[in-house]
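The structure appears below as structure tokens.
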Amino acid sequence: MLRRGCFFAVLLGIASLACAKGAQLSSHSLPIDYQLSYDAVKTQGQSRRMGLVGFKVLPQWTKYFSLGVAAYAPITGETGGFYAWGLAANLKTPKWHRAYLSAGGFAGGGGGHSSGFGSGSILNGDVALMYDFRYFSLGLHYSYFYFPSVHKQSKQLGLTLSLPYTLLYENPRLMGQSYQNHFLSTSKNYMALVGQAYVQKKGTKNTAGETQDGTIKLVGLDVGHYFTGHWFGHLEFAGAFSGIPNGYMDVLAGPGYSYYLSPMISLNAALDMGTGGGGSVDTGGGFLWGPELGLTAHFSPHWGAGLSAGYLDAPGGRFSAWTLSGELMYWFDSAVLTQEVNNEVKAYETAWRVRAGNETVFDAKRENDEHNDTLQLVNISIDRMITPHIYLTGQGASAYSGYHIGGLQIGMLGVGVQTSSLRALQLYGELLAGAAGGGGLDLGKGGVMQPKVGLSYYFTPYIGLQTDVGELYGLDSHFHSTTVGVNMVVSFGQLEKAADV
133 MLRRGCFFAV
143 LLGIASLACA
153 KGAQLSSHSL
163 PIDYQLSYDA
173 VKTQGQSRRM
183 GLVGFKVLPQ
193 WTKYFSLGVA
203 AYAPITGETG
213 GFYAWGLAAN
223 LKTPKWHRAY
233 LSAGGFAGGG
243 GGHSSGFGSG
253 SILNGDVALM
263 YDFRYFSLGL
273 HYSYFYFPSV
283 HKQSKQLGLT
293 LSLPYTLLYE
303 NPRLMGQSYQ
313 NHFLSTSKNY
323 MALVGQAYVQ
333 KKGTKNTAGE
343 TQDGTIKLVG
353 LDVGHYFTGH
363 WFGHLEFAGA
373 FSGIPNGYMD
383 VLAGPGYSYY
393 LSPMISLNAA
403 LDMGTGGGGS
413 VDTGGGFLWG
423 PELGLTAHFS
433 PHWGAGLSAG
443 YLDAPGGRFS
453 AWTLSGELMY
463 WFDSAVLTQE
473 VNNEVKAYET
483 AWRVRAGNET
493 VFDAKRENDE
503 HNDTLQLVNI
513 SIDRMITPHI
523 YLTGQGASAY
533 SGYHIGGLQI
543 GMLGVGVQTS
553 SLRALQLYGE
563 LLAGAAGGGG
573 LDLGKGGVMQ
583 PKVGLSYYFT
593 PYIGLQTDVG
603 ELYGLDSHFH
613 STTVGVNMVV
623 SFGQLEKAAD
633 V
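In the working numbering, the protein residues as written are 133 to 633.
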């Protein structure tokens with residue numbers, strides 16, 4: 133499910149317009165680097181290095197300094213199910229004949245199957261020699277990973293790919309204001325709540341060599357962007373809540389094609405690749421791939437549903453399964469300012485938020501009632517405002533401190549309510565549900581729920597701080613802990629095409 137640092141490219145890729153009928157819209161630009169990296173990392177107790185893929189979203193706050201979020205997951209080795217994510221920073225030099233130096237850092241939490249990373253805290257630094265090919269930059273880097281709780285380190289050469297993007301954004305307090313313009317083009321996007329079932333082959337063995345062939349039930353989030361009227365790309369996060377021991381999750385992405393049987397129904401095909409593991413599921417090094425075929429129906433301009441079936445395989449492990457998925461989908465058309473005259477487009481302002489910070493879990497109950505402990509987790513959330521008082525949220529957390537807690541991952545979706553978004557001081561409440569696992573906690577099959585209440589203070593319309601208190605419950609276990617969170621908040625406005633009526 134969520135462990136994602138990972139699906140900002142779709143949510144943030146919404147540009148805006150500069151002028152409108154009867155009003156002037158004040159737009160701002162923010163350069164963002166999307167970075168992909170590969171490192172072969174040495175892990176404790178493993179004969180093979182872990183082939184670790186990193187994904188960073190790095191907003192550029194000054195000409196040469198960026199600060200954002202990052203996530204890591206393996207595709208080779210023996211540690212399928214390892215995930216890490218947290219905060220990332222980058223500093224680069226001026227270019228010389230298109231070449232430049234880049235230095236980066238990462239601090240966060242992670243762990244998973246057989247990774248042996250103790251409490252889960254992870255530090256990383258790298259220096260790269262990059263070359264700008266205009267539409268992307270590619271380079272060779274030297275990286276250093278350090279795992280403080282077990283005093284282990286790994287040094288290696290790796291590759292970095294950087295993709296530049298410019299986010300155009302507005303004041304989020306303009307939410308609901310509408311505009312019309314002949315210089316707007318639109319592109320289709322969607323977000324979907326996903327329920328899945330993985331039907332494993334009879335006799336499938338787990339990482340311990342024991343039979344574990346039950347149907348895995350998962351919940352997750354799928355986001356997609358259409359590059360043309362038919363071709364799209366999507367990114368999906370899912371975590372298990374039933375059918376196996378807690379801890380399994382996967383992240384899948386890939387291209388797809390939609391064939392329209394009617395204006396309201398489409399036949400969709402996709403080829404997915406990604407990483408997954410945990411819950412004693414034997415995915416080898418973590419790499420997963422598989423095809424998928426399904427139908428999508430629109431109930432209205434914004435809402436629809438999808439049903440699909442497919443096959444998922446781990447070439448490096450013993451896991452393979454037929455997959456069944458159902459999706460509740462929300463469609464939206466992002467509006468982009470162009471220099472070409474188009475048909476007049478009506479657009480309206482929407483608001484988004486990204487939150488990152490720390491969550492403390494008190495007296496976390498462990499399996500066999502051993503050594504209950506206070507845990508520290510890095511927490512990242514993405515919110516979509518529905519009205520000035522109601523929002524949808526996706527949240528994920530990964531442990532970095534606590535007694536042998538490395539590998540604990542939590543991903544949840546939910547709804548929140550708040551007092552007026554026009555005021556600097558806001559009260560809010562949220563109800564979340566999802567999946568969690570790892571770290572030896574007494575989480576049963578992995579289903580969790582968390583209500584919380586909190587207080588926000590905005591220094592500007594864009595930047596603020598939050599603190600909250602909540603209760604984390606296991607849905608099929610006796611787990612119950614109080615939580616306290618502190619987050620930095622970044623809010624921004626985006627334009628979406630108004631629905632045709």
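Cβ coordinates follow ideal geometry from the N, Cα and C atoms, glycine included.
So, at 8 Å on beta carbons, what are the nonlocal neighbours of residue i in its own chain, with the 5 sequence-adjacent residues on each side left out?
i, result
"residue 478", "310, 311, 312, 629 and 630"
"residue 499", "572, 573 and 574"
"residue 583", "561, 562, 563, 564, 602 and 603"
"residue 219", "199, 200, 201, 202, 238, 239, 240, 488 and 510"
"residue 343", "335, 336 and 337"
Round the Cβ separation of residue i and residue j to the nearest angstrom and send it over; I've been treating them as touching at under 8 Å.
i, j, result
"residue 376", "residue 348", "5 Å"
"residue 402", "residue 424", "5 Å"
"residue 526", "residue 353", "6 Å"
"residue 547", "residue 522", "7 Å"
"residue 240", "residue 532", "6 Å"
"residue 213", "residue 410", "4 Å"
"residue 570", "residue 541", "6 Å"
Relative to the C-alpha of residue i, which residue among the options is closest?
i, options, result
"residue 205", "406, 413, 379 and 507", "406"
"residue 596", "267, 194 and 486", "486"
"residue 613", "323, 462, 218 and 491", "491"
"residue 215", "419, 517, 489 and 493", "419"
"residue 544", "322, 326 and 159", "326"
"residue 320", "410, 434 and 259", "434"
"residue 586", "554, 566, 592 and 549", "549"
"residue 202", "166, 504, 194 and 229", "166"
Is residue i buried or exposed, if buried means 16 or more other CB atoms sit within 10 Å of its CB?
i, result
"residue 304", "buried"
"residue 197", "exposed"
"residue 155", "Residue confidence is low: residue 155 scores 48 on pLDDT, short of 50, so the model does not pin down where it sits. Its coordinate-derived value is still stated next. Exposed, by the Cβ-count rule."
"residue 330", "buried"
"residue 150", "Its pLDDT being 33, under 50, residue 150 is placed unreliably by the model, and the measurement read from it follows with that caveat. When all chains shown are included, residue 150 counts as exposed."
"residue 495", "exposed"
"residue 153", "Confidence at residue 153 is low in this model, with a pLDDT of 41, below 50, so its placement is unreliable and the value that follows should be read with caution. So residue 153 ends up on the exposed side."
"residue 627", "buried"
"residue 455", "buried"
"residue 476", "exposed"
"residue 460", "exposed"
"residue 508", "buried"
"residue 333", "exposed"
"residue 269", "buried"
"residue 611", "buried"
"residue 217", "buried"
Grab me the residues of residue i's own chain with a C-beta within less than 6 Å of its C-beta, minus the 5 sequence neighbours each way, in chain order.
i, result
"residue 451", "413, 414 and 415"
"residue 225", "232 and 233"
"residue 557", "589"
"residue 594", "623"
"residue 174", "181 and 286"
"residue 464", "321 and 628"
"residue 426", "400, 438, 439 and 440"
Mind checking whether residue i and residue j have CB atoms under 8 Å apart?
i, j, result
"residue 534", "residue 294", "no"
"residue 292", "residue 169", "yes"
"residue 635", "residue 378", "Because the chain spans 133 through 633 in this model, residue 635 falls outside it and cannot be assessed."
"residue 578", "residue 373", "yes"
"residue 186", "residue 172", "no"
"residue 481", "residue 302", "yes"
"residue 259", "residue 278", "no"
"residue 285", "residue 297", "no"
"residue 400", "residue 428", "yes"
"residue 300", "residue 159", "yes"
"residue 323", "residue 488", "no"
Going along the chain, which residues of its own chain have a beta-carbon closer than 7 Å to the beta-carbon of residue i, five neighbours each way excluded?
i, result
"residue 404", "384, 385, 386, 421, 422 and 424"
"residue 223", "196, 197 and 235"
"residue 382", "370, 406, 407, 408 and 420"
"residue 207", "183, 185, 407, 417, 418 and 419"
"residue 443", "422, 423, 454 and 455"
Within the present structure, is the beta-carbon of residue i separated from the nearest heavy atom of the ligand FAD by less than 7 Å?
i, result
"residue 491", "No copy of the ligand FAD appears in this structure; indeed no ligand is present at all."
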